[in-house]
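Positions 0 to 475 (numbering that gives the first Met the number 0) are the ones given, in order, by the first sequence. Where a beta carbon is used, it is the ideal one built from N, C-alpha and C, also for glycine. Keep in mind the model is a prediction, meaning the values are calculated, not measured. Encoded as structure tokens, the structure appears first; notes follow it.
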Amino acid sequence: MNKKQDQTEIRKDKLIKLRDSGIDPYPHSFENRIDAADALGMKEGKKLRVCGRVMSRRIMGKSSFVHIKDVSGQIQIFMAVDKLGKENYALFRDTDIGDFIGVEGDLFVTRAGEKTVMAETFIVLSKSLRPLPEKWHGLKDVETRYRKRYLDILVNPESSKILKARSIITASIREFLECRKFCEVHTPVLQDIAGGAAARPFKTLHNVYNTELYMRIAPELYLKRLLVGGWERVFELGTNFRNEGLSAMHNPEFTMLEVYAAYTDYTFMMNLAEELIKSVAAVMKEKSFPVSEDILGRWDRKDYWQLLKTHTGEDFSPEITYEEAKQKADKLNIPPGKDSLEKILDRIFSHYVEDKLSAPTFVTGYPSSASPLAKQSPDNPMIAERFEIFINGSELGNAYSEQNDPEIQKKVFLKQAGSNTPVDEDYIEALEYGMPPASGLGIGVDRLTMALTGAETIREVLLFPMLKPLNADSRE
RNA sequence: GGGCCCGUAGCUCAGCUGGUAGAGCACCGCCCUUUUAAGGCGGGUGUCGAGUGUUCGAACCACUCCGGGCUCACCA
């Protein structure tokens with residue numbers, strides 16, 4: 000079998016042929032080019048340089064049409080032997096779909112009415128060695144789309160659009176907060192105590208200190224140290240890591256926005272959160288994303304206990320005892336197991352209430368026992384000054400008046416301390432120096448992106464969602 | 001981790017009751033100077049996810065493993 004059948008082998012042969020004729024298949028630059036969208040806006044007869052990846056070819060003997068794609072879109076190129084010369088036209092015939100090329104020529108309009116560049120010269124900018132996914136059906140295989148995201152964003156415009164939405168969203172978040180004098184900071188990702196949330200952390204090892212470290216599960220405790228230091232308005236937009244299962248709503252690494260404002264309580268954060276999300280949503284809408292009117296309209300405010308009552312038909316109040324909760328869980332077919340009171344309530348809430356909260360809703364009245372870093376309500380110590388934000392039945396954010404009493408905080412920490420969560424004495428010490436009253440807000444940026452783009456799984460808004468690593472044998 | 005479903009050509013997918021694979025796009029050869037899912041003629045390029053078993057014979061049946069999807073569980 001002399002005949003090369005494999006598409007990659009055929010392309011490699013073309014690469015060798017290019018090199019043998021003294022052409023660099025990977026030149027360093029292509030200067031003075033304009034992008035496809037700008038080119039299409041220009042007048043007929045204009046000479047210009049465009050470049051991009053060959054996406055389709057229509058070869059008709061001595062002339063051919065190709066479409067090239069750049070970040071702005073696509074533009075058609077006309078390659079004709081009497082414009083390019085025999086040698087260059089032959090060179091063009093060896094280009095494949097997927098190759099990057101650069102072209103110079105005049106703009107003209109074809110019989111069919113499409114603005115097209117009449118190539119006078121053309122150059123290979125990067126030879127592609129593998130065939131691209133099919134032009135018409137695109138790339139559908141979910142696993143390949145996630146593992147080889149570069150192909151997904153290349154051939155599936157919808158994927159690209161949703162993923163790019165993240166950039167728009169983070170940029171608008173920054174703009175919104177910076178306008179309000181919040182200062183963006185970066186706190187440690189590697190922490191010796193993984194605090195600020197309750198989740199199993201990833202462990203890692205620092206060689207020089209020969210010590211175990213944890214990937215952060217939340218930046219919260221570091222950000223509040225900054226409040227101690229006198230920085231009144233800070234925010235961090237960064238990755239958290241939680242060593243837990245994956246689902247349509249969960250990825251082990253995810254992006255969190257945390258915002259803190261000194262001298263405010265959770266009512267301030269409620270307004271800020273609503274304004275923030277609405278302002279981002281407005282930007283998205285402007286960019287023609289299908290933002291639901293619910294988000295731009297009036298947001299509901301509902302009480303945790305009232306919601307439990309409404310959706311279970313059972314009577315719930317902050318004064319509920321462990322035994323009562325257990326009985327209700329039983330009645331509601333929620334196996335209580337060895338769960339604590341707040342965990343049982345949380346389970347019932349998740350099962351009966353969360354998916355009903357489709358319009359944007361602030362839920363308040365959470366039990367203090369489930370809110371260790373929050374201040375209690377002055378009216379009822381069983382209740383925390385806290386709210387969560389729900390949109391489309393998913394928990395999008397969490398906020399509270401921050402606990403700044405070092406003694407209460409320490410007691411709570413001691414009560415919760417276990418092998419996974421040792422007491423962060425250094426944080427308590429910081430509070431002992433004095434932290435101003437403050438409120439804090441956390442928003443899951445991935446979930447916010449889902450809500451604003453209509454993505455149904457978190458994987459669609461993550462460029463490279465976590466998948467099980469392929470073992471070395473089956474790796475290409 | 002449990003349950004259900006899926007894995008066939010580079011891509012998108014067919015493949016019946018078990019008889020050793022097929023289409024479109026892509027690719028290869030020839031023709032073609034305004035095409036655009038270009039067209040015409042000719043050509044399947046495959047470790048049917050992997051392995052074991054049942055069988056005269058396995059893409060198909062059974063079991064194990066690998067990877068994926070949905071779902072449940074886990075998840076302050």
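N-terminal and C-terminal residue of the alpha helix (DSSP H) that residue i is part of
i, result
"methionine 268", "265-285"
"lysine 342", "340-351"
"alanine 36", "35-39"
"histidine 310", "303-311"
"valine 188", "No alpha helix (DSSP H) holds valine 188; DSSP gives it neither H nor E."
"valine 444", "444-452"
"tyrosine 426", "424-432"
"leucine 293", "Sequence check: residue 293 is aspartate here, not leucine. It spans 292-295 - the alpha helix (DSSP H) in which aspartate 293 sits, taken as one unbroken run."
"leucine 226", "219-227"
"aspartate 329", "321-330"
Counted within 10 angstroms of its Cβ, other Cβ atoms place residue i as buried (16 or more) or exposed
i, result
"isoleucine 15", "exposed"
"histidine 27", "exposed"
"serine 400", "buried"
"valine 70", "exposed"
"serine 463", "The question names serine, yet the displayed sequence has phenylalanine at residue 463. Looking at its Cβ environment, which holds fewer than 16 other Cβ atoms inside 10 Å, phenylalanine 463 is exposed."
"serine 20", "exposed"
"serine 473", "In this predicted model, serine 473 has a pLDDT of only 35, less than 50, meaning its place in the structure is not dependable enough to derive any value."
"glutamine 415", "exposed"
"threonine 448", "buried"
"glutamate 103", "buried"
"valine 207", "exposed"
"aspartate 151", "buried"
"tyrosine 365", "buried"
"valine 460", "buried"
"tryptophan 135", "exposed"
"glutamine 190", "buried"
"asparagine 1", "Note that asparagine 1 scores a pLDDT of 31, beneath 50, so its modelled location is shaky and nothing firm can be said."
"lysine 476", "Here the chain comprises residues numbered 0 to 475, so residue 476 is not present and cannot be evaluated."
"glutamate 475", "Note that glutamate 475 scores 32 on pLDDT, short of 50, meaning its location in the model is unreliable; the coordinates nonetheless yield the value given after this. By the 10 Å Cβ count, glutamate 475 comes out exposed."
"aspartate 98", "buried"
"leucine 204", "exposed"
"lysine 355", "exposed"
"serine 349", "exposed"
"proline 200", "buried"
"proline 156", "exposed"
"tyrosine 149", "exposed"
"methionine 434", "buried"
Residue i - containing beta strand (DSSP E), residue span
i, result
"asparagine 242", "Element bounds for asparagine 242: n/a, residue is neither H nor E."
"isoleucine 74", "72-79"
"threonine 363", "360-363"
"isoleucine 122", "114-125"
Opposing strand residues paired with residue i [DSSP bridges]
i, result
"valine 141", "In DSSP, valine 141 forms no bridge with anything."
"tyrosine 259", "Val233, Gly439"
"glutamine 375", "Ala383"
"isoleucine 15", "Bridge partners of isoleucine 15: none, in fact."
"histidine 27", "Paired residue(s): none; histidine 27 is not in a bridge."
"serine 62", "Met59, Ala79"
"lysine 202", "Tyr213"
"glycine 51", "Ile100"
"proline 366", "Ile382"
"threonine 254", "Thr238"
"histidine 249", "Ser246"
"leucine 467", "Before going on, a small fix: residue 467 reads as lysine here, not leucine. Note: lysine 467 sits in no beta bridge, so no partner."
Presumed contact (8 Å Cβ cut-off) between residue i and residue j, rounded CB distance
i, j, result
"methionine 465", "glutamate 257", "That pair is no contact at about 22 Å."
"alanine 493", "glutamine 6", "What is shown of the chain runs 0 to 475, which leaves residue 493 out entirely."
"glutamate 43", "valine 108", "6 Å"
"methionine 248", "glycine 441", "So it is not a contact: roughly 15 Å between Cβ atoms."
"serine 438", "tyrosine 265", "5 Å"
"serine 367", "isoleucine 382", "6 Å"
"arginine 56", "valine 49", "The pair is not a contact, with the Cβ atoms about 16 Å apart (cut-off 8 Å)."
"serine 393", "arginine 458", "Rounded, the Cβ-Cβ distance is 14 Å, inconsistent with contact."
"phenylalanine 77", "alanine 118", "6 Å"
"isoleucine 388", "phenylalanine 361", "6 Å"
"threonine 186", "glutamate 235", "6 Å"
"aspartate 423", "glycine 194", "5 Å"
"valine 233", "cysteine 182", "5 Å"
"lysine 45", "aspartate 105", "7 Å"
- Message: Which runs of the beta strand (DSSP E) at least 3 residues long sit entirely within the region 139-182? Give them in chain order.
- Response: Whole beta strand (DSSP E) segments, 3+ residues: zero.
- beta strand (DSSP E) runs wholly inside the region 377-417, at least 3 long, in chain order: Listed in chain order, the complete beta strand (DSSP E) runs (minimum 3 residues) inside the region 377-417 are 385-390, 393-400.
- Message: Give the list of continuous alpha helix (DSSP H) stretches no shorter than 4 residues that lie fully inside the region 78-110.
- Response: Unbroken alpha helix (DSSP H) runs of no fewer than 4 residues, entirely contained in the region 78-110, are found at 80-83, 85-92, following chain order.
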